[in-house]
Each structure stands twice: as structure tokens, then as C-alpha cells.
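One structure is given below, encoded as C-alpha cells.
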């Protein structure tokens, strides 16, 4: 008799599947999951395989699943392109600085909103939620940045996405649901200030939601390109995603940045390979970071997403 394995409190138990309706349902579910996995995974596999294939093989459509005529020429071209290194350094700075600033503001906003004794809590929560429904628009934001003299500066990208109402609501709910009020009462009896309650009680008990919030903020800052296109004009300030857009969409590759004659010769017929290699280069950093916070990710998302 078949069944489904379920793990509860470290023990694995099997639930029997007796009716044919159950078997059909589980077979249909498994089939759909496999189809969805293929739809999601195949483009990633294709991009990765194409980045390791030769230019003629990619152009001829011979790459299906595995690399054809294995070569690293695509990555040699990418790493010989000076804008890639400049963009990578800029994206790294925007990601670290932006995520840190975002996390700081999110914690400082979520903590008072989670406290029942905070006067005006409902008013400020409503005020924040309104911004999720209505936006000032692109032109007013641009005029504001111009008046603040932040255009063509790194602060334009850091401040433009420095606060997220969604992440604040999620973190507020996490604080409210998972940290007992008795801890705050005991701490205040011992003379703890609100700041010490935040740093000594709330933050040590909130590693899961902090890790998830930091990852969401980091991914948002790493992937930003539209904001950079709007506010930045200096090439030395552009993030890696804008460089990727220039290569993929605008078909703009400055050959003067490639000084190596051998690498320049590789570009003949290798434009598509360069695109795929650049996509991999821009994706790998986030993929590397994720496993280190995976243990916090599920808990933080499932608990914090209850926006009560």
C-alpha cells in the first residue's frame, strides 16, 4: 500500500493513500510540479550551457541542454570588458549600502509599530499602507531628486529604495506575533529603555526575519536598473544591471574597452555567447548568498507574511 511520508518533530510517519481518487490527485500534482520545474529550470540550464558553448554553435541553435564545443571564450570576453568590473563594483556597493540602510530603517519603523503602547500606531500604520496603493509618480520623484541635488550621485540609488512598506509590515507582524509582551514588561521593570529592549531582546530573537528582509533588500538593490537609468548619467556610477541592459537590449558594446587583441578577435561570432556569459555573471552572486540564509528563509517568510 502506497503512502506519503511526512516528517513531524524529527519523526517520519507515512499517511496511507487508499482511494483511487487520492492516487489520481497525487499523480496529477506530481506531474504538474515536474512540468513547472522544467519550465523554470530549462531556461536557466540553457543560458548556463550556452555561456560555455562556442559562438557558431549558439548561433546555429545546436545548444539544447549541454554545452556544445565547450569553451570559456564568453567569460574571457566579459571579464576583459572594463564596464563589467566597474559595474560589478558599483552593484556590490549599492547592494551592501542599500540593504544595510534599508534594514536599519525597516527595524526602526517596525519596532514601534509592533508595540501596543505606542501612541499613533494605527495612524502611522495606515499612513504607510496608503503608500502601497498610491504613488507620487516618476516625474515628481525625479524633480525631488533634482532639487535635492542627488542625481548623478550614489545616494540617488541608495535613498530611492531605502524604505519598503511591505517589508516593514512583515517585520512588524513578526515582532508582534513572536515576541511575548511579558519580556518587555520584565525588561522595563529592570529599567531597560526602548532602545535596549530593541537591541537586547527583539533583535537577538529575530534572526529569521532579519535575514529574509536583508536578502529581499539585497536582491532588490542588486537587480536595480530602471532607477539607475533615470537618475544616473555618469558611466562610472552605473550598476552591473545597466551594463547588462546595454549589451542585451541596446546591443551597445564599446570595443575600445577591450584592449587585448586576442579577446577582440574572439568577439567575432561570439556576441550571443557574451550575452549569456554576462547573464550568468550577474546572477551568480545572489545564488551564492542564498544557501547561507536558507535556514532562516522559510521561517521568516511563513511567520512574517501573516500581516495581522
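In our numbering, the protein residues as written are 95 to 402. All C-beta atoms in this analysis are idealised placements derived from N, C-alpha and C, irrespective of residue type, glycine included.
query: Straight-line gap, residue 301 to residue 210 (C-alpha atoms, nearest Å); result: 22 Å
query: Runs of alpha helix (DSSP H) wholly within the stretch 239 to 316 (minimum 4 residues, chain order); result: 248 to 254, 259 to 272, 275 to 283, 288 to 291 and 301 to 316
query: Coarse secondary structure for residue 179, derived from DSSP in three states; result: helix
query: Rounded straight-line distance, which links the Cα of residue 167 to that of residue 316; result: 26 Å
query: CB contact flag (residue 173, residue 146, <8 Å); result: no
query: Pairwise C-alpha distance: residue 314 and residue 257; result: 11 Å
query: Where the alpha helix (DSSP H) containing residue 210 begins and where it ends; result: Counting along the chain, residue 210 falls outside any alpha helix (DSSP H), and DSSP gives it neither H nor E.
query: Alpha-carbon spacing of residue 113 relative to residue 126, whole angstroms; result: 20 Å
query: Counted within 10 angstroms of its Cβ, other Cβ atoms place residue 320 as buried (16 or more) or exposed; result: exposed
query: Between the CA atoms of residue 287 and residue 342 - distance to the nearest angstrom; result: 53 Å
query: Residue 336 beta carbon less than 8 Å from that of residue 324; result: no
query: Identity of the residue in 136, 124 and 183 nearest residue 376 by Cα; result: 183
query: Reduced DSSP secondary structure (H/G/I, E/B, other) of residue 142; result: helix
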